[in-house]
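Everything on this sheet refers to the single structure shown next.
Residue numbers (the working numbering): -17 to 173.
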């Protein structure tokens, strides 16, 4: 121990090991106030949200928000009407819808079907051969529900109804365009 230690410091030394002194120092008051304040807040929050239910718990707030999203999605589906070959063909003729569908295709579908739709891991979407049907509603159903056994995920849940329809309309415009370097035909011919 060094000579400059006072008697008070010697009284605080709890342990000496290899010349290193371990002292029992009091924590700063500000730290203690924050520590006890955090514990108090946590206990009060738990009591109000979980025990007495005077405020909404995070779980209840999340469920309320998800219910709101589901209600909005149901309203959109009512406004969009039912999916028919004609409604999808009409979307395929609308410029704004096609741009939106192309954006969804580029971010979601292009990794497997290539940016041109010519196929990669997934089949070629630019020829007249279709594995699960080339009618607009068949294309829509394949995108929405997927074909998990063949590696095609169901996109309906993650994309939502509107974007599934938009990308279906965009895929309709790729049909029979015969992208250069496209994958070999798969499935049945359908014009």
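Even glycine gets a Cβ: it sits at the ideal position worked out from N, Cα and C.
Identify whether residue -15 lies in helix, strand or coil by the three-state DSSP scheme. Within the chain shown, the letter at position 3 stands for residue -15. Per-residue confidence for residue -15 stands at a pLDDT of 47, beneath the threshold of 50, marking its modelled position as unreliable; no derived number is given.
CA-CA distance, residue 98 and residue 161? Walking along the chain shown from the start, residue 98 turns up at place 116. Walking along the chain shown from the start, residue 161 turns up at place 179. About 6 Å.
Contacting residues, own chain, Cβ-Cβ under 7 Å from residue 113 (five flanking each side not counted): Position 131 of the chain shown, counted from the first residue, corresponds to residue 113. Excluding residues up to 5 positions away in sequence, 105, 168, 169 lie with their Cβ nearer than 7 Å to the Cβ of residue 113 in the same chain.
Tell me where the alpha helix (DSSP H) around residue 149 begins and ends. Numbered from 1 along the chain shown, position 167 holds the residue referred to as residue 149. 143 to 156 is the span of the alpha helix (DSSP H), which, as asked, contains residue 149.
Tell me, please, which residues DSSP counts as bridged to residue 2. Position 20 of the chain shown, counted from the first residue, corresponds to residue 2. In the DSSP output, where bridge partners are listed per residue, residue 2 has -1.
Can you list, in chain order, the residues of its chain whose CB lies under 7 Å from that of residue 7, leaving out five sequence neighbours each side? Within the chain shown, residue 7 is the residue found at index 25, counting from 1. Excluding its 5 nearest sequence neighbours in each direction, residue 7 has C-beta neighbours in its own chain below 7 Å: -6, listed in chain order.
Would residue 100 and residue 150 be called neighbours here (beta carbons separated by less than 9 Å)? Here residue 100 is taken as the residue at index 118 of the chain shown, counted from 1. Here residue 150 is taken as the residue at index 168 of the chain shown, counted from 1. Against a cut-off of 9 Å, the Cβ pair of residue 150 and residue 100 comes out as no contact.
How far does the alpha helix (DSSP H) with residue 103 in it reach, from first residue to last? Residue mapping note: residue 103 aligns to position 121 of the chain shown, counting from 1. Element bounds for residue 103: n/a, residue is neither H nor E.
Inspect the CB distances between the segment 64 to 76 and the segment 129 to 141 and report whether three or more fall short of 8 Å. no
Once DSSP output is grouped into helix, strand and coil, what is the label at residue 170? Here residue 170 refers to the residue found at position 188 when the chain shown is read from its first residue. Collapsing the DSSP output to three states places residue 170 in a strand.
Distance, residue 79 Cα to residue 139 Cα: In the chain shown, counting from the first residue as 1, residue 139 sits at position 157. In the chain shown, counting from the first residue as 1, residue 79 sits at position 97. Our two residues, residue 139 and residue 79, have alpha carbons roughly 20 Å apart in a direct line.
Per DSSP, which one or two residues make a beta bridge with residue 112? In the chain shown, counting from the first residue as 1, residue 112 sits at position 130. Its beta-bridge partners are 170.
Tell me which residues share the same chain as residue 158 and place their Cβ nearer than 6 Å to its Cβ, disregarding the 5 neighbours each side in the sequence. Indexing the chain shown from 1 puts residue 158 at position 176. So the list reads 110, once near-sequence residues are dropped.
Can you tell me whether residue 44 is buried or exposed? The criterion is at least 16 other CB atoms within 10 Å of its CB, across all chains shown. As a working note, residue 44 is residue 62 in the chain shown. It is exposed - the Cβ of residue 44 has fewer than 16 other Cβ atoms within 10 Å.
What span of residues does the alpha helix (DSSP H) with residue 48 cover, start to end? Here the question's residue 48 lines up with position 66 in the chain shown. 40 to 62 is the span of the alpha helix (DSSP H), which, as asked, contains residue 48.
From this set, 3, 103, 1, 71, which residue's C-alpha is nearest residue 155's C-alpha? Locating residue 155 in the chain shown gives position 173, where the first residue counts as 1. For the residues 3, 103, 1, 71, the minimum Cα distance to residue 155 belongs to 71.
Any C-beta of chain B sitting closer than 9 Å to the C-beta of residue 82? No chain B is part of this structure, which consists of one protein chain only.
Going by C-alpha distance, which of 11, 69, -3 is nearest residue 5? Here the question's residue 5 lines up with position 23 in the chain shown. The option with the nearest alpha carbon to residue 5 is -3.
Can you find the residues in the same chain that come closer than 6 Å, C-beta to C-beta, to residue 145, ignoring five residues on each side of it along the sequence? Against the chain shown, residue 145 aligns to sequence position 163. Only 86 meet the Cβ criterion.
Helix, strand or coil at residue 129 according to DSSP, with G and I counted as helix: Start at 1 with the first residue of the chain shown, and residue 129 comes out as number 147. Reduced to three states, the DSSP call for residue 129 is strand.
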